[in-house]
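Protein chains in written order, with the numbering used here: chain L, 450 to 842; chain D, 1194 to 1458.
Cβ coordinates follow ideal geometry from the N, Cα and C atoms, glycine included.
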Ligand SMILES: Nc1ncnc2c1ncn2[C@@H]1O[C@H](COP(=O)(O)OP(=O)(O)O)[C@@H](O)[C@H]1O
Ligand SMILES: [Mg+2]
């Protein structure tokens, strides 16, 4: 089976809803997962990722919606009738069975008599042949994880669901298993739906990422494309960091939208904006900005977007330096600068000009909380900093 | 002094063990005695009479067999019913569930004298003839509680994800029960059955009320005690103890072997 490319089909979730006592854990979610892809469902804890997977696996009683694989509707099939297998968050290996029997479980239940060959093949794929007669408790976390993958994959499911499969592993093992899982997926060609709350994991592993928030999909696509052009404030803050400035659209010149905010005008390419009305948020990723000492401000290209501010924090981190810059309207902006400049860096208290190309600017709808999706610590820090500032003033 | 202070825990443990085992040792030793009078209390002379002639005293063996029969029937029925009740209580939400939970505890909390006499009153009112079946019914009734409590604890400790994993791996409800739930709960059920049997075999008070003319082993001993307990009783008691010990040791050895085998592969 290794290397053979199987005929696989897209997984469709249509208007999927799951309510627990009137609270929607999954809310009218519609999603197509491309056949044979490594698909990551990324979202904060409690946003409904597990519930979505359990609906697909058939382990959760449905509230509404349909699930299809290709043209086949599997909505009403029971869990044991679905051509879908799961790698559980806690692995859920059968403690009373050895590794061989754990892996053989699905085959035996389907009445397949000769399990020896496929089980041994599968154990080889996950490099656990030597452990066949051990009990799960005698294996390390990483090995248990691979047994869980083998136990699911041996059934050649149309879709393999993985619920935070690496969550229980330490960082080093996690990196190793990420590569391992990618290799296995490449070899078997099955569609992998990988649930995680780790954005780095999602971005490095997946062909396609869907970012989930409060039971819905916020944005879906290639990880780089989402990072470069987030379409909601949540995504801009949740996937990496963003600097977001609230303003008002003033009109257009050619393909650009002009946005005025705090006395300056910013240029946002219309193609990079998802704003509907006049209220707009101008966004830019921290590493896209350049820091100039204010006296050198004239060196910034005319066409660039610019902000004046004062440096409140500098942290040097080897490959890059992170600046915190406070704007005249008391907003804290973050800039990452590659450590390629020769000479003095800006230091705390310096007046600086930040500038960036309009090509790196994105426009978001203004009627959103600018903190949506930001990690709580960041929001708290910012609030605490401005509280301190106002007390000192 | 230093030695005692350092090994205090071990010393206390050994003392407690001695305290626990002295009565058993006395019973076993006296089974090899040849008492001079009616009472087998003081050591007079070594003899294996009681062991070679286990059924030598009328009533000893028949009462022993009666108790074992009652124990087996009561245990099988109580284990089967109790296991089902435990599953119902843990797995299903139904009206009266918490009441049932409470009622299950009642037989354990009620003094045996009360339980025995109430049952007797019930059987007399129903004009149910006293004998083996009334004792069996009484035993089932109080063993069930222990079975339910034991199996319930095991079931509650069972990770629900294991059954979900089975369902996910093409096991229909029946195979899920057969290949995952049952094997995982089995040690709890076996433990409950062993406990149930020993409770039944051992019971005197409830049996005495409801036995009519039937003589169980504890009832026989109680009756014999008035006239002097025959040495055969010591021998049988020792036999029961040795069998129980062998069962425990046997399961330990099997476990140990299994673990050794696993580690060596
Ligand atoms: N069995 C359940 N009963 C009630 N609420 C639940 C249940 N399972 C999940 N939820 C709720 O649904 C929401 C989504 O949960 P979940 O899908 O587990 O999130 P995630 O996997 O993204 O962390 C949470 O708010 C959680 O509290
Ligand atoms: Mg989860």
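Taking CB atoms only, residue 1376(D) has a neighbour in chain L less than 7 Å away. Within chain D, no residue has its beta carbon less than 9 Å from that of residue 595(L); the closest one is some 16 Å off. In this structure, the C-beta of residue 498(L) approaches ligand 2 to less than 6 Å from one of its heavy atoms. At least one heavy atom of ligand 1 lies less than 6 Å from the C-beta of residue 469(L). For residue 624(L), DSSP assigns no beta-bridge partner whatsoever. By the Cβ criterion, the region 591-604 of chain L is not in contact with the region 1342-1356 of chain D, since fewer than three pairs of Cβ atoms, one from each stretch, lie closer than 8 Å. Nearest neighbour of residue 556(L) by Cα position, chosen from 574(L), 488(L), 529(L), turns out to be 529(L). Proximity of chain D to residue 539(L) at the Cβ level (cut-off 9 Å) is accounted for by 1352, 1354, in chain order.
Using beta-carbon distances, residue 1348(D) does not count as an interface residue toward chain L, since no partner is under 7 Å. The closest heavy atom of ligand 1 lies 6 Å or more from the beta carbon of residue 485(L). Residues of chain D with a Cβ closer than 8 Å to the Cβ of residue 528(L) are, in chain order, 1357, 1360, 1361.
Contact annotation: residue 1348(D) and residue 1373(D) have beta-carbon atoms that are not nearer than 7 Å.
When the Cα atoms are used, residue 1435(D) and residue 1370(D) turn out to be separated by approximately 36 Å. Annotation: Cβ neighbours of residue 545(L) in chain D (cutoff 7 Å, chain order): 1376, 1377. Looking only at 525(L), 540(L), 532(L), 642(L), the smallest Cα-Cα distance to residue 589(L) is reached by 540(L). Contacts with chain D at 7 Å (Cβ-Cβ) include residue 534(L).
Look at residue 554(L): its C-beta is under 7 Å from a C-beta on chain D.
Classified as buried, residue 729(L) has 16 or more neighbouring CB atoms from the shown chains inside 10 Å of its CB.
Contact between the region 1408-1415 of chain D and the region 1250-1267 of chain D is present, with at least three C-beta pairs closer than 8 Å. A direct Cα-to-Cα measurement between residue 771(L) and residue 584(L) gives close to 49 Å.
Taking C-beta atoms under 8 Å as the contact rule, residue 744(L) and residue 796(L) fail to qualify, at a distance of about 14 Å.
Within the same chain, and ignoring the five residues on either side of residue 757(L) in sequence, the residues whose Cβ sits closer than 6 Å to its Cβ are 802. Counting only the Cα atoms, residue 661(L) lies some 28 Å from residue 697(L).
Counting C-beta atoms within 10 angstroms of its own C-beta, residue 1314(D) has fewer than 16 neighbours from the protein chains shown and is therefore classed as exposed. Proximity of residue 558(L) to chain D, defined by a Cβ-Cβ separation below 7 Å, is satisfied.
Burial check for residue 586(L): the Cβ neighbour count within 10 Å stays below 16, so the residue is exposed.
For residue 651(L), no chain D residue has a C-beta closer than 8 Å to its own C-beta; the minimum C-beta separation is roughly 23 Å. Between residue 506(L) and chain D, the shortest Cβ-Cβ separation is below 7 Å.
Ranked by how close their Cα comes to the Cα of residue 723(L), the residues 686(L), 678(L), 592(L) have 678(L) in first place. If you check each beta-carbon in the region 604-630 of chain L against every beta-carbon of chain D, the ones closer than 8 Å belong to 604. Residues of chain D whose Cβ lies closer than 9 Å to the Cβ of residue 600(L) are, in chain order, 1358, 1362. In this structure, the CA atom of residue 1360(D) is about 8 Å from the CA atom of residue 508(L). Inclusion of residue 575(L) and residue 460(L) in the CB contact set at 7 Å is not warranted, their separation being larger than that value. For the region 1212-1243 of chain D, the set of positions with a beta-carbon nearer than 8 Å to some beta-carbon of chain L is empty. Around residue 681(L), the same chain offers 667 as residues with beta carbons nearer than 6 Å, after the five sequence neighbours per side are excluded. Going by DSSP, residue 1201(D) is part of the alpha helix (DSSP H) stretching over 1201-1223.
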